[in-house]
Amino acid sequence: MSRFVKVLAVALMVLLIAGGLWAASKSIQVIGSTTVFPIAQACAERFMDINKDVNISVKGGGSGVGIAALLDGTCDIAISSRPMKVEEINKGKERGVNPVAHVIALDGIAIVVHPSNPLEGLTVEQVRNIYSGKINNWKEVGGRDMKIVVVSRDSASGTYEAFHELVLKKEKLRDDAMLLASNRAVATTIAQTEGAIGYIGLGYLSPSVKSLKIDGVMPSKETVINKSYKLARSLYMYTNGEPKGLLKSFIDFVLSPEGQKIVEEQGFVPVK
Amino acid sequence: MGEKLAKTIILTSAFLSIAALMGVSVMLFKEGIPFFLRVSPLDFLLGGSWHPTYNPPEFGILPIVIGTIVVTFGALLVGIPLGLASATYLAFFAPLSLREVLKPILEILACIPSVVYGFFGMVILGPLIIKLFSVSVGLNAFNASLVLGIMIVPLVTSTAEDAMSLVPYDLLEASYALGATKWRTIVYVVVPTAWPGILSSILLGMGRAIGETMTVLMVAGGAASIPRSIFDPVRTMTATIAAEMGEAPFRSLHYHALFAIGAILFLITVLLNFVAERFAKRMIFQ
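Rendered as structure tokens:
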């Protein structure tokens, strides 16, 4: 008898779960950049809390993967940490896809050093030369006579990707650069190491590290928004045509004050 | 009915672990081999620079292999003496009451998640190393060796202690009867008899040190260049895979290269375990 009850209970649970999935038939597929992923994921969770009958699935894979999926029609929103390339837009036109860009957040990178470092600022080119191995001592950029300890991030991180694109350009990262696995780890190491230089997302700045002016501009929310700070980029959501219905309400949610608060919580700079 | 069910469950779970192992090895080699169709194994193993995301990419893992070797042997230098000494103490010198306290403590040490060890190495050991040795970086091969060395102590201790306790009592008594001291007995009777077990404990510790990922990712510093001293930051094979797999495009050359590293690591650990197992078996049949 008891076994029968158990079987019945399991069957009932399966039915309930399946039913739940069935009910959430209004769904949105989001695919793309691992940088934008945490923003999209957190926004989707909050959005689904408010609208119980909506199901949003967010997948990573990289900006290119997301854009390809949008052009193939296999996702509703592509998240990307770079604007679409001309070839991608042309490819879309051939297939009748008309991608529309929505800038949902800004990503700023601060160059940080140990608090005891007397240096005030560097140019983008000096930072590039430090990271490519052409400059090895702080005195070469007007600082103390001390070896520069170069700290970088793993190539899987969005911050590395942004740094690579905004600072290194085509240059190769020096071999002896340290590789750390998180913004937090970089901040901790810089705070402990007198000769160190590193880069972290704006959201991770703290008094234990000193951020440098880049080309004379101090990194901050304001300088990123007014585009005077150079080490910043936009993060995008792409839709096919102007979003309508459910898609529109999700994008509007991301751009709403509540959505932009999530952007800030994830360590990025809100658009407004 | 109940027994049959239990039997089936046990059989399935035993089979599942074999299937998982098979799956892992098939996957590793299936995804790793395509890499060697495009890059020669010699360039891969002896190449001095690792720049997988550049154009054109460079896939030389020599600095990473050397980093792995340096950290592993450093860990053995720290962990083996500590482990064997505490095994000897536990097996022959510790009073029963103390032994009953020490063994559980060692087991707890073995249960601490590696990320906690990594945190310890990063926040406490790192700054200490900078101060004590006046070097420029605290996250380096030395730091990783120390932390990994401490991590392998419980494994080495418990395996070696098992081997030492298995030495037949007749042998010990014969030695004592001849007037040998406890220390002489350990050196001339216990160690030679338990040697296969001791060696297998060392090999197991080595396997653990090579395979450890999170800790070295956090404390070794991660520079993919050949270290000039033990105070230089290094990168290991495991840390490379963990750090880069997330963003390597699916089925790209970079992705296959990471699997190739994984396959090499897999071969090394299987070989170590196999040898360790052989020694442990020889011990039992003696």
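So the sequences go chain by chain: H and W. Here the first sequence is numbered in the working numbering, starting from 14 and rising by one per residue. Here the second sequence is numbered in the working numbering, starting from -7 and rising by one per residue. For every residue, glycine included, the Cβ atom is placed at its ideal position computed from N, Cα and C.
Contacts around residue i, its chain only, beta-carbon distance under 6 Å, and the 5 residues preceding and following it disregarded
i                : result
Val110 (chain H) : Leu84 and Asn253
Ala194 (chain H) : Asp167
Val139 (chain W) : Tyr109, Gly113, Thr207 and Val211
Ser241 (chain H) : Val230
Val276 (chain H) : Ile52, Ala118 and Pro283
Leu117 (chain W) : Asn135
Ala268 (chain W) : Ser192, Leu195 and Leu196
Glu101 (chain H) : Ile80
Leu76 (chain W)  : Ala152
Supposed contact pair residue j and residue i - C-beta distance, whole angstroms, cut 8 Å
i                : j                : result
Val125 (chain H) : Ile203 (chain H) : 5 Å
Pro60 (chain W)  : Thr228 (chain W) : Rather than Pro, the amino acid found at residue 60 (chain W) in this sequence is Thr. The Cβ separation is near 4 Å, so the contact holds.
Val62 (chain W)  : Pro219 (chain W) : 6 Å
Ala67 (chain W)  : Gly141 (chain W) : 4 Å
Val31 (chain W)  : Phe51 (chain W)  : 5 Å
Leu264 (chain W) : Gly189 (chain W) : Rounded, the Cβ-Cβ distance is 15 Å, inconsistent with contact.
Ser237 (chain H) : Val199 (chain H) : In the sequence as presented, Ser is not what sits at residue 237 (chain H); that position holds Val. Between Val199 (chain H) and Val237 (chain H) the Cβ distance is about 19 Å, and since that is not below 8 Å, they are no contact.
Ile122 (chain W) : Gln205 (chain H) : 7 Å
Leu164 (chain W) : Thr177 (chain W) : 6 Å
Phe281 (chain H) : Phe60 (chain H)  : Between Phe60 (chain H) and Phe281 (chain H) the Cβ distance is about 18 Å, and since that is not below 8 Å, they are no contact.
Ala79 (chain W)  : Glu153 (chain W) : 4 Å
Gly214 (chain H) : Ile122 (chain H) : 7 Å
Pro241 (chain W) : Gly211 (chain H) : That belief does not hold up - the Cβ atoms of Pro241 (chain W) and Gly211 (chain H) are roughly 26 Å apart, past 8 Å.
Any chain C beta carbon closer than 7 Å to residue i
i                : result
Leu192 (chain H) : Checking the listed chains, one finds no chain C in this structure; the protein chains it contains are H and W.
Proximity test, residue i beta-carbon vs the ligand ADP heavy atom, cut-off 6 Å
i               : result
Asn64 (chain H) : Only the bare structure without any ligand can be found here, which leaves the ligand ADP out of the picture.
Same chain only: Cβ atoms within 7 Å of residue i, ignoring 5 sequence neighbours per side
i                : result
Val182 (chain W) : Met156 and Val159
Lys104 (chain H) : Leu84
Asp62 (chain H)  : none
Leu135 (chain H) : Ile124, Val154, Leu225 and Ile227
Asn149 (chain H) : Lys160 and Ile161
Ala209 (chain H) : Val126, His127, Val162, Val164, Thr202 and Ile203
Val78 (chain H)  : Ile44 and Gly45
Separation of residue j from residue i, as counted between CA atoms
i                 : j                : result
Phe266 (chain W)  : Val179 (chain W) : 27 Å
Gly39 (chain W)   : Pro49 (chain W)  : 12 Å
Gly272 (chain H)  : His127 (chain H) : 34 Å
Thr172 (chain H)  : Tyr217 (chain H) : 11 Å
Arg91 (chain W)   : Ser192 (chain W) : 23 Å
Tyr46 (chain W)   : Glu174 (chain H) : 12 Å
Gly73 (chain H)   : Leu94 (chain W)  : 47 Å
Lys257 (chain H)  : Arg95 (chain H)  : 24 Å
Ala37 (chain H)   : Val267 (chain H) : Per-residue confidence for Ala37 (chain H) stands at a pLDDT of 45, beneath the threshold of 50, marking its modelled position as unreliable; no derived number is given.
Ile202 (chain W)  : Ile44 (chain H)  : 36 Å
Lys106 (chain H)  : Tyr247 (chain W) : 31 Å
Ser40 (chain H)   : Ser128 (chain W) : 53 Å
Pro146 (chain W)  : Tyr81 (chain W)  : 13 Å
Ala255 (chain W)  : Ile69 (chain H)  : 37 Å
Ala234 (chain W)  : Leu209 (chain W) : 8 Å
Glu133 (chain H)  : Ser221 (chain W) : 32 Å
Glu(-5) (chain W) : Ala12 (chain W)  : 26 Å
Phe85 (chain W)   : Leu74 (chain W)  : 15 Å
His115 (chain H)  : Met237 (chain W) : 29 Å
Lys65 (chain H)   : Phe223 (chain W) : 55 Å
Ile25 (chain W)   : Pro33 (chain W)  : 10 Å
Reduced DSSP category for residue i - H, G, I as helix; E, B as strand; rest coil
i                : result
Arg227 (chain W) : coil
Ala166 (chain W) : helix
Thr252 (chain H) : strand
Glu50 (chain W)  : strand
Asp228 (chain H) : coil
His285 (chain W) : Given that chain W is displayed from residue -7 to residue 278, the structure contains no residue 285 (chain W) and the question cannot be resolved.
Arg270 (chain W) : helix
Gly33 (chain H)  : Confidence at Gly33 (chain H) is low in this model, with a pLDDT of 49, below 50, so its placement is unreliable and the value that follows should be read with caution. Here Gly33 (chain H) sits in helix by DSSP.
His127 (chain H) : coil
Asp66 (chain H)  : coil
Lys243 (chain H) : coil
Leu263 (chain W) : helix
Same chain, Cβ closer than 8 Å to residue i, five either side skipped, listed in chain order
i                : result
Arg141 (chain H) : Val180, Leu181, Lys182 and Glu184
Ser145 (chain H) : Leu181, Glu184, Lys185, Leu186 and Arg187
Phe258 (chain W) : Val16, Ser17 and Leu20
Ala216 (chain W) : Ser41, Trp42, Pro55, Ile56, Gly59, Arg227 and Thr232
Arg197 (chain H) : Tyr217
Glu204 (chain W) : Ser106, Leu140, Met143 and Thr230
Phe36 (chain W)  : Phe27, Phe28, Phe51, Gly52, Ile53, Ala249 and Ala252
- [ ] Identify each residue in the stretch 234 to 249 of chain W for which the Cβ-Cβ distance to at least one residue of chain H is less than 9 Å, and report them in chain order.
- [x] Ala234, Ala235, Glu236, Met237, Gly238, Glu239, Ala240, Pro241, Phe242 and His246
Task: Residues from the stretch 151 to 184 of chain H in contact with chain W, defined by Cβ distance under 7 Å - done: Lys160, Val162, Asp167, Ser168 and Ala169
- [ ] Identify each residue in the stretch 123 to 157 of chain W for which the Cβ-Cβ distance to at least one residue of chain H is less than 7 Å, and report them in chain order.
- [x] Ser128, Val129, Gly130 and Leu131
Task: Residues from the stretch 187 to 214 of chain W in contact with chain H, defined by Cβ distance under 8 Å - done: Leu209, Met210, Gly213 and Gly214
Task: Cβ-based contacts, 9 Å cut-off: residues of the stretch 32 to 63 of chain W near chain H - done: Gly40, Ser41, Trp42, His43, Pro44, Thr45, Tyr46, Asn47, Glu50 and Pro55
Open item on the list: Give me the subset of the stretch 93 to 117 of chain W whose CB atoms are less than 8 Å from a CB atom of chain H, sorted by chain position.
Closed with: Met114 and Val115
Open item on the list: For the stretch 66 to 90 of chain H, list every residue whose C-beta sits within 9 Å of some C-beta in chain W, in sequence order.
Closed with: Gly73, Gly74, Gly75, Gly77 and Val78
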